[in-house]
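In our numbering, the protein residues as written are 47 to 646.
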C-alpha cells in the first residue's frame, strides 16, 4: 500500500518546539502536515556501552572528539524528556537495542572490581535507564561478557523487560529471555479524548555471542537465526493484539558476518525487514553507525519497513514517527519517518547525573590511582605498523602469565608466544606516574587470558590472516600508513601481532602470501613445531575468524583478566622500563626493504 507523506504534526500543531530540539535536528511542526487520528513517537538508543555521563575516563576530562560529539545516556535523557513534552507522554515509547553494560571503566568497575553480583549495588546503567522509564531493552552480545549470573543480576535490577527472542535454552527453541512485550497505550488523538493502542516490541540479539562468549554460553544458550525467529513471533504478537510491531535488534544491516561457520547471519536487521511481513519499524544497533532513516521493502507485502540506528555511546537519539488512522475498529499506519538527533545540543539531564554521581566519582578515583613510574613515554600511535614498546608490555605480561601457569606441567618445555593487537592508537604511558586509567586506555576490553597450542604451520596461516589488515603497498615511492592500514574496513583490534618469534610481512605481495620469514632464536620455524600461545578469550572463541585458534588445544584456562594482570604487573614492578621487555621482532617491508623506521 503506498505510504502517504511523512508527518511531524503534533496534537498541538501550533506549539513552538523546544529550541534545543531544533538545534539537535528536530524539524518545526509546520515542516509537514497530514490529516491523521494519532501520532506516536518511538525513541531509541543503542550501543551505550556503559556511558552514563559525557566523560572520558581515559583522559579524565569531559568527552570530546573532532566532530564535537558528546556521549552518555544523561545527554540523551535531556532530549528524551523534551520529546515527551512535545509529543505527550502517552504517545511516546523509549527503547534500547543493546550493548549496555560493557565498555567504560564505569561499567568495568561494577562488573569486575566491585561486581554487582557480590555487592548487591544497582548497576549505574540500570539506575539511569530505570529513571528514564525505558519501555523495553534488547540484549546485545556484550551483555554476555561477564557471564549469565551477572547478566541475570542486571536484568533483575531493570524495570524494563530485557528481550532476546532468539536466545534460547540450549538444545531447544524455548526463549531464555522474554521474546517480546506488548505496550498498551492510551494515545492522545487529534480529536477529543484518547484511544487504546497496543504496540508490540520484539527483541532480537546477535548470534555472535555463541562465538565471542562461548565460555559463558556454551551448553546453556543457543542463538537462532533472526529472520526465522521473527517469522515465529511477529504473527503471534499480532494475534495477541499488537496494532503496531516494532523490532529492536542488536544486529547491523549489511547481511554479513564477521565470523565463519554455520552460525546464523550476524548483521541481519535488513534481512528481517525484507523477509518477515508485519513489521512496521526496526531500531537496530551493533554496527556503531548512524543511520537516520532507511526504508526496506518487504518482499511478501510490498510494504516499506522503516529502519534507524542511533550511532553509539549516546551520541545520537533515534526518533521514529508513526502517523496513524483508526478505521473499522483498527489502527493502521498512514506514514512513517525517522531521524537521529545530536545529543551535543543539550546539557546532561541533572536527575541522571545526580543518580550516578557517586558511582562515577568512585570510578574516577579508582582509575586515577598511580601504580608505577614509567622511565620514558610509550605511545601506541604507530603500533599498527611498527613493533612498539607499549604493545610489547602487553606481550610481556601475557607471556609471563602463561609461562608461570605451564611451569611444572608436561607443556613447560613449549616455547611461549603472545598474541595481542593495538586496541587504541591514542593510548600512551606518560613518562613519570602511570595510572590505572593509562593502562585501561591501552587495554580497552574486558578480555581474559587463555593458553592454546598452535603449530608452526598454523602460526603461518594465522599471521597471513592478520596481514589482511594491510593494503598492498605501491611498487615505489613513499608510503603513508593511513593508506596501508584498515584494508577493507578491518579494525585495529584485528591487527594481531605475535611476540616470541621473529617475522617479516612483505606488503609488496598480495594478501595470503606476505609472510616471508618466521624464525625462533634465528632458526626457521618448522611446520610441525609446537608453541604455547597466550591469547585473549575473544580471539580464542573465534572472534575475527582467525584460523585454527578456536579449535586449538587449550592448555590454560584459569581466565585471568588481562587488564587486571597488566595493572598487577605494573604495581609489583613499580617501574616500567622498555629496556626490560622491548625487542623489535616483526617488520613490514616492501620487496625486503623496511617500510617504516623502528620505534625506539
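Quick reminder that beta carbons are idealized off the backbone N, C-alpha and C, glycines included. Small disclaimer: the values here were computed from a predicted structure and weren't measured.
Alpha-carbon spacing of residue i relative to residue j, whole angstroms
| i | j | result |
| --- | --- | --- |
| residue 238 | residue 84 | 11 Å |
| residue 635 | residue 531 | 14 Å |
| residue 197 | residue 231 | 29 Å |
| residue 109 | residue 560 | 40 Å |
| residue 369 | residue 236 | 11 Å |
| residue 593 | residue 504 | 8 Å |
| residue 151 | residue 572 | 42 Å |
| residue 156 | residue 374 | 52 Å |
| residue 164 | residue 502 | 43 Å |
| residue 326 | residue 291 | 6 Å |
| residue 475 | residue 160 | 26 Å |
| residue 111 | residue 355 | 20 Å |
| residue 351 | residue 383 | 10 Å |
| residue 218 | residue 270 | 10 Å |
| residue 376 | residue 333 | 36 Å |
| residue 221 | residue 473 | 41 Å |
| residue 406 | residue 412 | 10 Å |
| residue 447 | residue 142 | 39 Å |
| residue 73 | residue 310 | 39 Å |
| residue 371 | residue 378 | 5 Å |
| residue 205 | residue 180 | 8 Å |
Other residues of its chain near residue i: CB distance less than 8 Å, five sequence neighbours each side excluded
| i | result |
| --- | --- |
| residue 392 | 66, 70, 121, 124, 125, 128 |
| residue 394 | 99, 100, 118, 120, 121, 123, 124 |
| residue 399 | 99, 120 |
| residue 720 | With the chain covering only 47 through 646, there is no way to say anything about residue 720. |
| residue 424 | 434, 435, 436, 439, 474, 475, 622, 624 |
Nearest-angstrom Cβ-Cβ length linking residue i and residue j, presumed shorter than 8 Å
| i | j | result |
| --- | --- | --- |
| residue 496 | residue 575 | Actually they do not touch by this definition, with Cβ atoms about 20 Å apart. |
| residue 389 | residue 642 | Not really, about 39 Å apart at Cβ, beyond 8 Å. |
| residue 500 | residue 577 | 6 Å |
| residue 557 | residue 513 | 6 Å |
| residue 322 | residue 273 | 6 Å |
| residue 185 | residue 249 | 7 Å |
| residue 494 | residue 583 | 5 Å |
| residue 622 | residue 439 | 7 Å |
| residue 209 | residue 192 | So it is not a contact: roughly 19 Å between Cβ atoms. |
C-beta atoms of residue i and residue j nearer than 7 Å
| i | j | result |
| --- | --- | --- |
| residue 430 | residue 461 | no |
| residue 533 | residue 516 | yes |
| residue 427 | residue 471 | yes |
| residue 82 | residue 267 | no |
| residue 148 | residue 116 | no |
| residue 119 | residue 182 | no |
| residue 190 | residue 262 | yes |
| residue 630 | residue 463 | no |
| residue 581 | residue 436 | no |
| residue 633 | residue 640 | yes |
| residue 363 | residue 171 | no |
| residue 167 | residue 203 | no |
| residue 588 | residue 596 | yes |
| residue 416 | residue 479 | yes |
| residue 134 | residue 234 | yes |
Contact set for residue i: own chain, Cβ-Cβ below 6 Å, skip 5 residues either direction
| i | result |
| --- | --- |
| residue 442 | 627 |
| residue 97 | 117, 118, 150, 359, 360 |
| residue 64 | 128 |
| residue 552 | 560, 562, 635 |
| residue 620 | 418 |
| residue 590 | 540 |
| residue 538 | 430, 468 |
| residue 527 | 431 |
| residue 386 | 336, 338, 356, 362, 364 |
| residue 276 | 318, 322 |
Where residue i sits in the DSSP three-state scheme
| i | result |
| --- | --- |
| residue 555 | coil |
| residue 242 | strand |
| residue 167 | coil |
| residue 90 | strand |
| residue 204 | coil |
| residue 215 | strand |
| residue 622 | strand |
| residue 512 | helix |
| residue 249 | strand |
| residue 468 | coil |
| residue 147 | coil |
| residue 313 | coil |
Nonlocal neighbours in the same chain, by C-beta distance under 7 Å from residue i, ignoring five residues either side
| i | result |
| --- | --- |
| residue 104 | 483, 486, 487 |
| residue 615 | 443 |
| residue 173 | 401, 402 |
| residue 199 | 162, 163 |
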